[in-house]
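One structure below.
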Amino acid sequence: MKLKKIKEILRAEVLTGDDGALEVEVTNACGADLISDILADMKKNAVLLTGLTHRQIIQTASMSEFAAIVFVRGKCPTSDVIELARESGLPLLRTDFPLYESCGLLYEAGLKGDIIARKVQERQNVEEKIPGTMRLVYEVHGGDFDTAGKATEQAKKVLKQLGVNPSVMRRASIVAYEAEMNIVIHAYNGKLIFDITPSHIEITAEDEGPGIEDIELAMQEGYSTAPERIREMGFGAGMGLPNMKKFSDEFEINSVVGKGTKVKMKIFL
Amino acid sequence: MNFYHSVTLDIKKCKGCTNCIKGCPTEAIRVRNGKAFIMQEKCIDCGECIRICPNQAKFAVTDDIEKLKSYKFTVALPAPSFYAQFKEGTSKEAINAALRASGFDEVYEVPLAAEEVTAAIREYIKKNRDIRPFISSSCPAVLRLIRVRFPGLIRNIVPVKAPVEIAAKRAKETVKRLYGLQEREIGAFFISPCPAKVTAVKQPIGTSKSYVDGVLSMSKVYANVLKNIGKGRHHSIFGTSGKMGVGWGRAGGENEALDFGNRLSVDGIHDCIEVLEEVELGRLTDIDYLELQACSGGCVGGVLAPENRFIAGVRLKKLAEKLASKTGINEAAVIEDFKRGYHFLEEEIKPVPAMKLDEDMAKAIKKMELLERILEELPGLDCGSCGSPNCRALAEDIVQGRASETDCVFKLREKVRQLVEEVMELSQKLPPTMEG
């Protein structure tokens, strides 16, 4: 509703504000005679209906971003107050209707503001809830065998609490663990990211590292570039990448020699 | 679903301390209103809380010996660990005789059934090569742990019944045949070292009904049997077990009996969890068989076993050494029975997703986000004063509406400080008429 329309409904007189100002679109209103109530009821694009006419009301209204003030019960502020409003660019109107009736008239004319706004907000909340996705990000440090496997361990706990079904759970654990260990064994630094939605889990392992020269070769079972000391620990059997591919529904690997490797694995629920 | 549990709280004895909530392997206990509270869907009856409680406020509900009177013929089923409860040199035959003198008509040595189960498991893991490692089904607390915390590993469990079930089944068959009795007239009573076995009989896993009719606490039967020791010897009509079966009563015994492939034996519930985490990550695939015992030391470490677990473990070893035969069963005949399905669990083991935040995954994700946000605000001391075992569990309880943020003493203190600040600020204010 335009401010012009409000002026008509309330048969109001304009104290300050030009024709342009009256074109402002108002969607909401607040009626109160207590500053604290006005402050508690902050609204956007709203008109303030009040019987208060002191300087503070102008400051409060501009602070609370009201679009305009309508003084009710025929009250009129002093000229210095009107001047203050003009300086702040806040239109002022004046009506003979009391507060209750002013509010009623505007409400009846369709200015229902908050009720609709609240409904819209509620609807948005509901809609937001439906897709529901979650991201878990873990830092993985190359060469750090003390914390190796911790990222997967923590993610596993989350997946269980989310109620991911047992077989997906098992596959996700295996691919995540292999990916995490690959970063620990081969790279300098990396991240293990889990994007979880009700339809799938996507696990991304991204590292800064030496990269893979021949991906095709690396994907072969039994091929490994892990150094001897790592093999002695029981890793580096050359099953990491093949297992990651085997247990995921979608598998994507990109590597730049001297820069790093990124593996994306998707498992559908 | 309703859950039966042997592990129970004596509300009068509970002082509301937080010892038990910290030790529980499935985070199934909370302290609310000054008393412990066991969450039915999460409890696995392992008995850790019975061990930990300084006030003996946790106990295991078992059957009463009076129940023997409801049957025409009763069979005692002593667990292998039972034979380790008496002083060194006490023979199985002497213990069997004392059991008869205590009111039972016959004794079926569960170790004998353990030998049969050993042969069945060996056959099963030889034939099934696609899954590794296989996990033993003998410890009921471990089975329940897997069902609740590791549902993805249910497929690794060997689907063979526990020895006590086979013992009850065989005993009843023989008694029916020899004495012409009806099955319902025969009562088979397990003499158990642990509460999880009570639950396994009242609410079995992988089968609809247990062959066992009652479970008696080892420590309750003990005094009576002890009194009757030395009054003769009794050779069970069902035959007697050898070295293999007796060993099942202690950690590692099952693996020794199995004597096939790569085996790993782990005891103590927290160590079991550690190794199951590894199995879940796809490790340990070079192990053929994993023997897991919830109690440290194995069944001799059960909360209902009266003798110290170290002493009992040594005794069991010595007892086995003295036995002349390796086994009391006819292995070829057992394998024949196994092939026609005699030993298999009849039903699939179903997961109990007690860890789930919500049935609907989208909602679970929302709850998880909220949980993580709440957790960030909590102090991370895992002190347990709120009645939840750690900060993460409290965050979960808040999300699930079981607790509130001010249950955290540190959060509460922060709130109080804020309130005080607000009160201070308000006290400085003057009414507008006095402002000057």
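So the protein sequences, as listed, match chains A and B. Quick note on UniProt numbering: the first sequence kicks off at 1 and runs consecutively. Quick note on UniProt numbering: the second sequence kicks off at 1 and runs consecutively. Even glycine gets a Cβ: it sits at the ideal position worked out from N, Cα and C.
- Within the same chain, and ignoring the five residues on either side of C295 (chain B) in sequence, the residues whose Cβ sits closer than 6 Å to its Cβ are G301 and G302.
- Scanning chain B for C-beta atoms nearer than 9 Å to the C-beta of K156 (chain A) yields E277, E280 and L281, reported in chain order.
- Looking only at B:L316, B:R373 and B:V142, the smallest Cα-Cα distance to V266 (chain B) is reached by B:V142.
- In the three-state reduction of the DSSP assignment, A29 (chain A) falls in the strand class, which pools E and B.
- Rounded to whole angstroms, the separation of the alpha carbons of D37 (chain A) and K366 (chain B) is 34 Å.
- N19 (chain B) sits away from I44 (chain B), with the two beta carbons spaced by 9 Å or more.
- When DSSP states are grouped into helix, strand and coil, H186 (chain A) belongs to the helix group.
- At a cut-off of 9 Å between beta carbons, L153 (chain B) contacts chain A.
- Assignment of beta-bridge partners to R315 (chain B) by DSSP yields no partner.
- E115 (chain B) places its beta carbon less than 9 Å from that of G245 (chain B).
- Listed along the chain, the chain B residues whose CB falls inside 7 Å of the CB of L162 (chain A) are L357, M361, A364, I365 and M368.
- Judged by DSSP in its simplified three-state form, A120 (chain B) adopts helix.
- Interface criterion not met: the Cβ of E27 (chain B) is under 9 Å from no Cβ in chain A.
- The Cβ atoms of V107 (chain B) and F238 (chain B) sit closer than 9 Å to each other.
- By the criterion of a C-beta distance shorter than 7 Å, T60 (chain A) is surrounded in its chain by I35, I38 and L39, once the five residues flanking it on both sides are discounted.
- In the structure shown, the three-state DSSP call for V72 (chain A) is coil.
- Beta-bridge analysis with DSSP links M134 (chain A) to A:I196.
- The beta carbon of N55 (chain B) is closer than 7 Å to those of K13, C14 and K15 in its chain, skipping five residues each way along the sequence.
- The beta carbons of A251 (chain B) and G298 (chain B) sit about 4 Å from each other, so the pair counts as a contact at 8 Å.
- When C-alpha distances from K326 (chain B) are compared across B:L276, B:L375 and B:K243, the shortest belongs to B:K243.
- The beta carbon of V14 (chain A) sits closer than 6 Å to those of L93, all from its chain and outside the five residues before and after it, given in chain order.
- Cβ proximity to chain B below 7 Å picks out V158, K160, Q161, L162, G163, P166, S167, M169, R170, S173, I174 and Y177 from the stretch 158-188 of chain A.
- According to the DSSP assignment, S325 (chain B) belongs to no alpha helix (DSSP H), since it is labelled neither H nor E.
- For M265 (chain A), the pairing in a beta bridge is given by DSSP as A:I203 and A:F251.
- Bridge partners of D267 (chain B) according to DSSP: B:Q293.
- Rounded to whole angstroms, the gap between the alpha carbons of L316 (chain B) and L412 (chain B) is 54 Å.
- DSSP links G187 (chain B) through a beta bridge to B:T74.
- With contact defined as three or more Cβ pairs closer than 8 Å, the stretch 244-251 of chain A and the stretch 163-181 of chain B are not in contact.
- Contact annotation: C49 (chain B) and I38 (chain B) have beta-carbon atoms nearer than 9 Å.
- Leaving aside the five residues that flank K202 (chain B) on each side, the residues in its chain whose CB is nearer than 6 Å to its CB run, in chain order, Y4.
- In this structure, V256 (chain A) and L192 (chain A) do not form a Cβ contact; the two beta carbons are roughly 19 Å apart against a cut-off of 8 Å.
- When Cβ-Cβ separations below 9 Å define contact, L381 (chain B) makes no contact with chain A.
- Taking every protein chain shown into account, the CB of F310 (chain B) has fewer than 16 other CB atoms within 10 angstroms, so this residue is exposed.
- Beta-bridge annotation (DSSP): G214 (chain B) is paired with B:F189.
- Counting along the chain, V399 (chain B) sits inside no beta strand (DSSP E); it lies in the alpha helix (DSSP H) bounded by residues C391 to V399.
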